[in-house]
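Input: a single structure, listed below in structure tokens.
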Amino acid sequence: MKALLVPAGGAAGFIALWWLAVLLRLADPVLLPSPLETFNDTAKSFTQGPLLHDLWRTVTRTVLSFLVACAIGVPLGLLLGAKENVYRAVEFVVDFFRSTPASALFPLFLILFGVGEGTKIAVAAFGAALVILFNAAYGVMNARRTRLLAARVMGASPLRVVFDVMLWEAMPQILVGMRSGVSLALVIVVVAEMFIGSTDGLGQRVIVAQSLFESGLMYGVIFVAGALGYLLNLTFLLLEKRFIHWAGK
Amino acid sequence: MSAISPREAALSVRGLRKAFGGVPVYDGFSLDVKRGDILAIFGPNGCGKSTLINMAAGLLPADGGEILFDGRIVDEVRIGYVFQNYREALFPWRRAAENIRYPLRRMGLKRAEIERRLEALAADFRVRFDLNAYPYSLSGGQQQLVSIMRALAVEPEVLFLDEPFSALDYETTLSLRTLLQQVLKARKTTTILVSHDLEESIVLADRILMLTRRPTLVADDIAVDLAWPREAATLSAPDFIAIKARCLDVFTRAVAGA
Ligand SMILES: Nc1ncnc2c1ncn2[C@@H]1O[C@H](COP(=O)(O)OP(=O)(O)OP(=O)(O)O)[C@@H](O)[C@H]1O
Ligand SMILES: [Mg+2]
């Protein structure tokens, strides 16, 4: 109970400060609407406007690019981790592109995939896949040698060793990679919705609200995007806790 | 030690060579292990005990020489291996029973046969804890017992044990030792036990191989003709004390003195 009360208190404090700033007229009301106004504008956009659809679009894009990233990052990471000398050879390239801001890649992906859904998903998937791949590879490289040997003595083929031992040994690290990957995918999707040929999505809604001086809605969409990111992160934390029951034991 | 005829040997090693970074550990090492025997290998730290059984178990390539199991190479025989560090050898994401079933599944056995073996092992080792628990929730002794059951489940032609009790307390070691000798003798499992404990080597073995420092040679090869089962009283029997004295003598001359 206390675990919930303390953060709730922090959030209430934040809203109180915000309200105070509005009452003291610290900023132009057009730029800083009150929390209540923000809430009303946002609720209205949810029920009568496009916000629910936008949220849905952003979630689907993020989930889709995350799934693509997993489908590429996990198997490739496992494979590279199992062949450590191959990983060492590609490590620099992985690290380099992992450190490259994904937004810098938009023009390139626009050429490759055109102005459509494909580009947004491809860039987000690319960024997330590298993070997942990197974590999966490290998870495998840090696998307990004894367990790999044990599986071999028990007659497991090399492929079985990958799926029965390496995958499980790397699982905690893979989930960490997935957690960072899904957050990164969300960031890239929202930016892509702002700037590359979109008509919907949270990113699009924020930028439209801003250009129409609907600042209440703009703040609301920012909070919705924040809540989405927070929930995605929380989901993976809970998954880690429940699923990786053996971690650290 | 009387000569072991080729037909009696479950394991024979001929002219084994192995070096790490140019420094030889084995340079022409030979050994025969009689079918059904328990052989204890006793030697100083770093003399190559683990290296020897890892090569025999196919976990480490030899530089030269030959290791045959009744004429076949390791890939063609069923072996069991118990690692010193049970925590890192069991699969913590599988329940204890699933750990034991794992090698049986790899052998492609029918479900009924797998369950029969699991139950037989649980009965043989008088398991009273819940085999559906995850390994990390079991005590160290229970975990090592699960490792031993997993290694024995395949009914191995040769069982390798690398210091299986060294991480356990004395009481646990004593009870596991007693159970293990009963099961190994009842099943007539050829066993190679690496041990740091002289008393344990004598109690569990039909034969003790004392190794020198590297390049490793056999300092002495001692038959342990004590009756089975060996119990608490065995430890104070005159035969036991005589063997122990001989081992200590060899050890001081060949190992500690060198
Ligand atoms: N992978 C390796 N690379 C280099 N040297 C090694 C390797 N494995 C073992 N050695 C060396 O070979 C020698 C024999 O090692 P081994 O582990 O077989 O000894 P051991 O008799 O089992 O010792 P302990 O009683 O400490 O377990 C040691 O000196 C060790 O340093
Ligand atoms: Mg050793």
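Residue numbers (my numbering), protein chains in the order written: chain A, 1 to 249; chain B, 1001 to 1258.
Glycine included, each C-beta is placed from N, C-alpha and C at the ideal position.
Treat the numbers as computed from the prediction; the structure is a model and nothing was measured.
1. Can you find the residues in the same chain that come closer than 7 Å, C-beta to C-beta, to A/Val-162, ignoring five residues on each side of it along the sequence?
2. Tell me the rounded alpha-carbon separation between A/Lys-249 and B/Pro-1092.
3. Name, please, each residue of chain B whose Cβ falls closer than 8 Å to the Cβ of A/Met-154.
4. By the criterion of Cβ-Cβ separation under 7 Å, what are the contact partners of A/Lys-249 in chain B?
5. When you compare the segment 1063 to 1078 of chain B with the segment 127 to 135 of chain A, are there three or more beta-carbon pairs, one atom per stretch, that lie closer than 8 Å?
6. Going along the chain, which residues of its own chain have a beta-carbon closer than 7 Å to the beta-carbon of A/Met-218, five neighbours each way excluded?
7. Going by DSSP, which residues form a beta bridge with B/Glu-975?
8. Spell out whether any CB of chain A is found under 7 Å from the CB atom of B/Leu-1059.
9. Let me know the secondary structure DSSP gives A/Ala-27 once reduced to three states.
10. Short check: CB of A/Val-123 to CB of A/Leu-112, under 7 Å?
11. Cβ of B/Tyr-1081 less than 7 Å from any chain A Cβ?
12. What three-state label does DSSP hand A/Ala-156 in the structure shown?
13. Listed in chain order, which residues of the segment 135 to 162 of chain A have Cβ atoms closer than 9 Å to some Cβ of chain B?
14. Name the chain A residues that come within less than 7 Å of B/Asn-1085, Cβ to Cβ?
15. With DSSP collapsed to three states, give me the class of B/Ala-1219.
16. In angstroms, rounded to a whole number, what distance separates the CA positions of B/Ile-1202 and B/Ala-1223?
17. Just verifying my parser: in three-state terms, what is the DSSP assignment at B/Arg-1207?
18. Run through DSSP, which three-state label would B/Ala-959 get?
19. Looking only at DSSP bridge pairs, what is B/Ile-1192 linked to?
20. Distance, Cα to Cα, B/Gln-1084 vs A/Thr-235?
21. Pick out whichever of A/Trp-168, A/Glu-193, A/Ala-247 has its Cα sitting closest to the Cα of A/Leu-136.
22. Any heavy atom of ligand 2 closer than 6 Å to the Cβ of B/Ser-1166?
23. Assuming contact is defined by CB atoms lying nearer than 7 Å, are A/Ala-156 and B/Arg-1106 in contact in what I supplied?
24. Let me check understanding here. Comparing Cα to Cα, which of A/Val-22, A/Gln-48, A/Tyr-138 lies closest to A/Met-166?
25. Would you check whether ligand 2 has a heavy atom nearer than 6 Å to the C-beta of B/Ser-1195?
26. Report the option in B/Asp-1162, B/Phe-1240, B/Ala-1151, B/Glu-1088 whose CA atom is closest to the CA atom of B/Gly-1080.
27. Whole-angstrom Cβ separation of B/Pro-1135 and B/Val-1127, contact assumed at under 8 Å?
28. Can you say whether B/Asp-1037 is buried or exposed, counting buried as having 16 or more other CB atoms within 10 angstroms of its CB?
29. Quick one: measure Cβ to Cβ for B/Gln-1144 and B/Leu-1176, integer angstroms, because I've assumed they're closer than 8 Å.
30. Where A/Leu-232 and A/Leu-67 are concerned, what is the direct C-alpha to C-alpha distance, given to the nearest angstrom?
31. Starting from the beta carbon of A/Trp-168, find every residue of chain B whose beta carbon is closer than 8 Å, and list them in chain order.
32. Could you tell me if B/Glu-1241 is buried or exposed, where buried requires 16 or more neighbouring beta carbons within 10 angstroms of its beta carbon?
33. Give a yes or no on whether the minimum CB-CB distance between A/Thr-246 and chain B is below 7 Å.
34. Assuming contact is defined by CB atoms lying nearer than 7 Å, are B/Val-1183 and B/Ala-1010 in contact in what I supplied?
35. Rounded to whole angstroms, what's the CA-CA distance from B/Asp-1063 to B/Glu-1171? Just pull it up for me.
36. So is B/Glu-1088 in contact with chain A if we call contact Cβ pairs under 7 Å?
In short:
1. Leu-78, Ala-82, listed in sequence order.
2. Roughly 8 Å separates the two Cα atoms.
3. Proximity of chain B to A/Met-154 at the Cβ level (cut-off 8 Å) is accounted for by Tyr-1102, Pro-1103, Arg-1106, Arg-1150, Val-1154, in chain order.
4. Contact of A/Lys-249 with chain B by beta-carbon distance below 7 Å involves Pro-1092, Tyr-1136.
5. Because the criterion of three Cβ pairs below 8 Å is not met, the segment 1063 to 1078 of chain B and the segment 127 to 135 of chain A do not touch.
6. Val-206, Ala-209, Gln-210, listed in sequence order.
7. Outside the modelled stretch of chain B, which goes from 1001 to 1258, sits residue 975 of chain B, for which no answer is possible.
8. Judged by the 7 Å Cβ criterion, B/Leu-1059 is in contact with chain A.
9. Looking at A/Ala-27 - three-state DSSP - the assignment turns out to be coil, as it is neither helix nor strand.
10. Contact: no.
11. Yes, because at least one Cβ of chain A sits closer than 7 Å to the Cβ of B/Tyr-1081.
12. If DSSP states are grouped into helix, strand and coil, A/Ala-156 belongs with coil.
13. Look at the segment 135 to 162 of chain A: the residues with a C-beta under 9 Å from a C-beta of chain B are Arg-144, Arg-145, Thr-146, Arg-147, Leu-149, Ala-150, Ala-151, Arg-152, Val-153, Met-154, Gly-155, Ala-156, Ser-157, Arg-160.
14. Neighbours of B/Asn-1085 on chain A, chain order: Thr-146.
15. DSSP places B/Ala-1219 in the strand class (E or B) of the three-state scheme.
16. Using only the alpha carbons, I get a separation of about 9 Å.
17. It is a strand residue.
18. Not covered by the structure: residue 959 of chain B. The range shown for chain B is 1001 to 1258.
19. Residue pairing for B/Ile-1192: DSSP places it in a beta bridge opposite B/Leu-1039, B/Phe-1160.
20. A direct Cα-Cα distance of roughly 38 Å separates B/Gln-1084 from A/Thr-235.
21. Checking the sequence shown, residue 136 of chain A turns out to be Ala, not Leu. The shortest Cα separation from A/Ala-136 among A/Trp-168, A/Glu-193, A/Ala-247 belongs to A/Trp-168.
22. Flag unset: Cβ of B/Ser-1166 not near ligand 2.
23. With contacts defined as CB atoms closer than 7 Å, A/Ala-156 and B/Arg-1106 qualify as a contacting pair.
24. Closest by alpha carbon: A/Tyr-138.
25. Within 6 Å of the C-beta of B/Ser-1195 there is not a single heavy atom belonging to ligand 2.
26. It is B/Ala-1151 whose Cα lies nearest to the Cα of B/Gly-1080.
27. In fact, because the Cβ distance is near 14 Å, the residues do not count as touching under 8 Å.
28. Classification for B/Asp-1037: buried.
29. The beta-carbon distance between B/Gln-1144 and B/Leu-1176, rounded to whole angstroms, is 7 Å. This is short enough to meet the 8 Å contact definition.
30. In a straight line, the C-alpha of A/Leu-232 is about 14 Å away from that of A/Leu-67.
31. Within chain B, the residues near A/Trp-168 are Phe-1091, Trp-1093.
32. Correcting the residue type first, residue 1241 of chain B is Ile in the shown sequence and not Glu. Exposed, because fewer than 16 other Cβ atoms sit within 10 Å of the Cβ of B/Ile-1241.
33. In the sequence on display, residue 246 of chain A carries Trp and not Thr. Output row for A/Trp-246: interface = yes.
34. At the C-beta level, B/Val-1183 and B/Ala-1010 stay beyond 7 Å of one another.
35. Cα to Cα, B/Asp-1063 sits roughly 41 Å from B/Glu-1171.
36. B/Glu-1088 counts as touching chain A.
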